[in-house]
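Read the structure below first, then the notes.
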Amino acid sequence: MDEVISSGKKPVPFAHIKRRNKRNKTIAEQGQLPRPATLREHIRAERAIPTELDASELPAARGGYAGKVGETWGSKKPRSLKELLGLGFTLIKWDGLCVLNTPPSFASFNPSPSESRPIVDVHGRIIAALVGQPRGVDYAAAAARAFDAIESERKAAGYTAAAAHHRRGDYFTLHAGLSYGKGQRVPSRLNNGIYSALLTRLLANSDVKRLAIFASAAFALWAPNVYNYYKQCDTALHGRLPHLTRNFDKSIFACATFNFGPNVWTFRHRDVLNLPFGMCAVQALGPFDPTKGGHLILWELKLVIEFPPGALILLPSATITHSNIPVQAGDQRASFTQYTAGGIFRYVDNGFRTEAELALQDPEEYDRMCTAKDARWAMGLGLLSCVEDLLEDLDEPST
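Okay, structure coming up:
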């Protein structure tokens, strides 16, 4: 008889396994639907950060699948907080935590730094969100371990000095996931050559997975209509091309970027190939003082935002120009981002074809798609939620 050796772990109850499998099935079919209780905890009209921006004036390319190519790359000059305030920017102080279980009666008209806060345009549309991170040492510890894993891989990567200099900044960066563009006939996973094993390890890291899944769930909470648009595209794409593997089973985003330290701060830029009305999830990592550096600068909004380690911010990176303040000497900062290229949506909308293939195979549908290009940006803006919309959804009776 074989000797039975105890693992020291309690067996997982069957009921727990059944509930977990049911949740996973629901997420796979419907996406990450926020619970009403979660919405009530986080959605407060008085927490919104108002701006004078009209989102319809943001630089989207005709067709609504990308940001407009133009002055996308700005100054490489590092900016200080003092300098930005002198230019008329507003400082948003924020500790990057989510408020949980706060009774509505205690909602303050002057939001505390410990709250998730949407940023809205002149029409009240949520154009970005300071999501934060769950309270408690457990999540903070996971974020710290994720940074340690990223930093460990950076030190062992053996990258060249040239690899640490590019259009977005002076730091080593790697992308993982699905890409489509530059002459590709079909979407495919990025080939990272000698760094493939490194990325495989990071994508399999349980702490990185936790960050990724939280970001996707936050996207579903703050921009549910846009999230559903992503979900429909994702379902159609993998139904047609099932061999394409996802970075993370429970994340809606098609691609991820690891911005390795030790001092990640981006130049002024826009990520024009991303969906212009979509969201990019940015998570700051590392041991640094967020009051001294690492701030996120949103240029069109004239906002400079404290961006603490472990915190998450959602923004339309294709159309809002953004950059960072460098962290102070001795501090370390990395970041983890997720997004989906607009070209993937165009490929699906074209019936899983390039535009050239569509024009050749179905001229009538090609003409219809060309006509629809003028309205697609407005369609995308119509998917953005207002805080009031999210609150009204809570009041509607369930069916």
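Per the working numbering, the very first residue in the sequence shown carries number 2; after that it's consecutive. Here a beta-carbon is modelled for each residue, glycine too, at the ideal position from N, C-alpha and C.
Problem - For Pro263: DSSP bridge partner residues - result: Within the sequence shown, residue 263 is the residue found at index 262, counting from 1. Bridge partners of Pro263: none, in fact.
Practice task
Please report the residue range of the beta strand (DSSP E) in which Ile298 lies.
Solution key: Reading the sequence shown from its first residue, position 297 is the one you call residue 298. Leu297 to Leu299 is the extent of the beta strand (DSSP E) around Ile298.
Exercise for the section: Tell me, please, whether the CB atom of Leu82 is closer than 8 Å to any CB atom in chain C? Expected result: The structure shown contains no chain C; it holds only a single protein chain.
Exercise for the section: Could you tell me the boundaries of the alpha helix (DSSP H) in which Gly178 lies? Expected result: Numbered from its first residue, the sequence shown carries residue 178 at position 177. In the DSSP annotation of this structure, Gly178 is not part of any alpha helix (DSSP H); the continuous beta strand (DSSP E) holding it starts and ends at Thr174 to Ser180.
Exercise for the section: Could you check what DSSP says for Ser81 in three-state terms: helix, strand or coil? Expected result: Stepping through the sequence shown from its first residue, residue 81 is reached at position 80. In the three-state reduction of the DSSP assignment, Ser81 falls in the coil class.
Exercise for the section: Tell me whether Cys371 sits in a helix, a strand or coil according to DSSP, three-state version. Expected result: In the sequence shown, residue 371 corresponds to position 370, counting from 1. Residue state, collapsed to three classes: helix.
Handout entry: Limits of the alpha helix (DSSP H) - the one that Cys387 falls within
Key = For the purposes of this step, residue 387 is taken as residue 386 along the sequence shown, with counting starting at 1. Element bounds for Cys387: n/a, residue is neither H nor E.
Problem - Three-state secondary structure assigned by DSSP to Ala319 - result: Translated into positions along the sequence shown, residue 319 becomes position 318. DSSP places Ala319 in coil when its eight states are reduced to three.
Exercise for the section: Ignore the nearest five residues each way along the sequence and tell me which others in Gln329's own chain have a CB closer than 6 Å to its CB. Expected result: What you label residue 329 is simply residue 328 of the sequence shown in a count that begins at 1. Excluding residues up to 5 positions away in sequence, Lys293 and Gly294 lie with their Cβ nearer than 6 Å to the Cβ of Gln329 in the same chain.
Exercise for the section: Give the range of the alpha helix (DSSP H) segment to which Gly159 is assigned. Expected result: In the sequence shown, the residue the question calls residue 159 occupies position 158. That residue, Gly159, is in no alpha helix (DSSP H); it is neither H nor E in DSSP.
Exercise for the section: Measure the C-alpha to C-alpha separation of Thr52 and Ala360 and round it to an integer number of angstroms. Expected result: Within the sequence shown, the letter at position 51 stands for residue 52. Within the sequence shown, the letter at position 359 stands for residue 360. When rounded, the distance between both Cα atoms is 42 Å.
Exercise for the section: Assign Gly194 to one of three DSSP states: helix, strand, or coil. Expected result: As a working note, residue 194 is residue 193 in the sequence shown. DSSP places Gly194 in helix when its eight states are reduced to three.
Practice task
Kindly list the residues whose CB is nearer than 6 Å to the CB of Met370, restricted to its own chain and excluding five residues on each side of it in sequence; keep chain order.
Solution key: Residue 370 sits at position 369 when you count from the first residue of the sequence shown. Hits under 6 Å: none found.
Practice task
Could you say which of Lys78, Pro79, Thr341 and Glu58 lies nearest to Lys69 if we only look at CA atoms?
Solution key: Position 68 of the sequence shown holds residue 69. Nearest of Lys78, Pro79, Thr341 and Glu58 to Lys69, Cα basis: Glu58.
Problem - Within 8 Å, strictly: CB atoms of Ser207 and Leu286 - result: As a position in the sequence shown, residue 207 is number 206, starting the count at 1. As a position in the sequence shown, residue 286 is number 285, starting the count at 1. No.
Exercise for the section: May I ask you to report which of helix, strand or coil DSSP gives Thr400? Expected result: The residue given as residue 400 occupies position 399 in the sequence shown. Unreliable positioning characterises Thr400 in this predicted model, as indicated by a pLDDT of 47, which lies under 50. A coordinate reading is not provided.
Exercise for the section: Quick one: using the 10 Å Cβ neighbour count with 16 as the cut-off for buried, is Glu393 buried or exposed? Expected result: In the sequence shown, the residue the question calls residue 393 occupies position 392. Exposed: under 16 other Cβ atoms inside 10 Å.
Handout entry: Assigned exposure category for Arg271 - 16 Cβ within 10 Å defines buried
Key = For this step, residue 271 is matched to residue 270 along the sequence shown. Burial call: buried.
Problem - Inter-stretch contact (C-beta, 8 Å, three-pair minimum) for the region 222–239 and the region 374–391 - result: yes
Problem - Residues near Asp390 by beta carbon distance below 7 Å, same chain, minus five either side - result: To locate residue 390, count along the sequence shown from 1; it is residue 389. Taken in chain order, the list of residues that qualify is empty.
Handout entry: Residue from Leu88, Ile120, Ile195 and Val265 with nearest C-alpha to Gly331
Key = The sequence position of residue 331 within the sequence shown is 330, counting from 1. Of the candidates Leu88, Ile120, Ile195 and Val265, the one whose C-alpha sits nearest the C-alpha of Gly331 is Val265.
Problem - Continuous alpha helix (DSSP H) stretch holding Phe346: start and end - result: Start at 1 with the first residue of the sequence shown, and residue 346 comes out as number 345. Start and end: Gly343 to Asp350.
Exercise for the section: Evaluate contact between the region 172–188 and the region 342–350, counting only Cβ atoms and requiring at least three cross-stretch pairs below 8 Å. Expected result: yes
Practice task
Look at the alpha carbon of Pro263 and the alpha carbon of Thr174, and state the distance between them as a whole number of angstroms.
Solution key: One-based indexing of the sequence shown puts residue 263 at position 262. One-based indexing of the sequence shown puts residue 174 at position 173. In a straight line, the C-alpha of Pro263 is about 11 Å away from that of Thr174.
Exercise for the section: Work out the CA separation of Asp363 and Leu302 for me, nearest whole Å. Expected result: Start at 1 with the first residue of the sequence shown, and residue 302 comes out as number 301. Start at 1 with the first residue of the sequence shown, and residue 363 comes out as number 362. Cα-Cα distance, rounded: 42 Å.
Exercise for the section: Sort Leu276, Pro317, Leu204 and Ala282 by Cα distance to Asn248 and report the nearest one. Expected result: Looking up residue 248 in the sequence shown gives position 247. Checked all of Leu276, Pro317, Leu204 and Ala282; the closest Cα to Asn248 is Leu204.
Practice task
Specify the secondary structure class of Ile214 as computed by DSSP and reduced to three states.
Solution key: What you label residue 214 is simply residue 213 of the sequence shown in a count that begins at 1. DSSP places Ile214 in helix when its eight states are reduced to three.
Problem - the region 271–284 touching the region 307–324, judged by at least three CB pairs closer than 8 Å - result: Look at the beta carbons and you see the region 271–284 touching the region 307–324: at least three pairs across the two are nearer than 8 Å.
Problem - Local conformation of Val131 per DSSP, three classes - result: If you number the sequence shown from 1, residue 131 lands on position 130. Correcting the residue type first, residue 131 is Leu in the shown sequence and not Val. Three-state DSSP puts Leu131 in a strand.
Problem - Residue burial classification, Val123 (beta-carbon count within 10 angstroms, cutoff 16) - result: Position 122 of the sequence shown, counted from the start, is the residue given in the question as residue 123. When all chains shown are included, Val123 counts as exposed.
Exercise for the section: Pull up the DSSP beta-bridge partners for Val121, would you. Expected result: Translated into positions along the sequence shown, residue 121 becomes position 120. Val121 is bridged to Pro51 and Ile127.
Exercise for the section: Evaluate Gly344 with the Cβ neighbour count: other Cβ atoms within 10 Å of its Cβ, from every protein chain shown; 16 or more gives buried, anything less gives exposed. Expected result: By 1-based counting over the sequence shown, the position of residue 344 is 343. Classification for Gly344: buried.
Exercise for the section: Report all residues from its chain with a CB closer than 6 Å to the CB of Gly178; omit the five preceding and five following residues, and keep chain order. Expected result: Residue 178 sits at position 177 when you count from the first residue of the sequence shown. Counting only Cβ-Cβ distances below 6 Å, and skipping sequence neighbours, we find Asn248, Ala255, Cys256 and Ala257.
Exercise for the section: List the DSSP bridge partners of Ser285. Expected result: As a position in the sequence shown, residue 285 is number 284, starting the count at 1. Note on identity: in this sequence residue 285 is Ala, with Ser being the wrong assignment. The partner list for Ala285 (beta bridge, DSSP) reads Ser336.
Problem - Range of the contiguous beta strand (DSSP E) that encloses Asp236 - result: Locating residue 236 in the sequence shown gives position 235, counting from the first residue. The question names Asp, yet the displayed sequence has Thr at residue 236. Going by DSSP, Thr236 is part of no beta strand (DSSP E) but of the alpha helix (DSSP H) stretching over Pro225 to Arg241.
Problem - Closest residue to Thr355 among Tyr181, Thr267 and Val388 (Cα-Cα distance) - result: Mapped onto the sequence shown, residue 355 falls at position 354. Of the listed residues, the one whose Cα sits closest to Thr355 is Tyr181.
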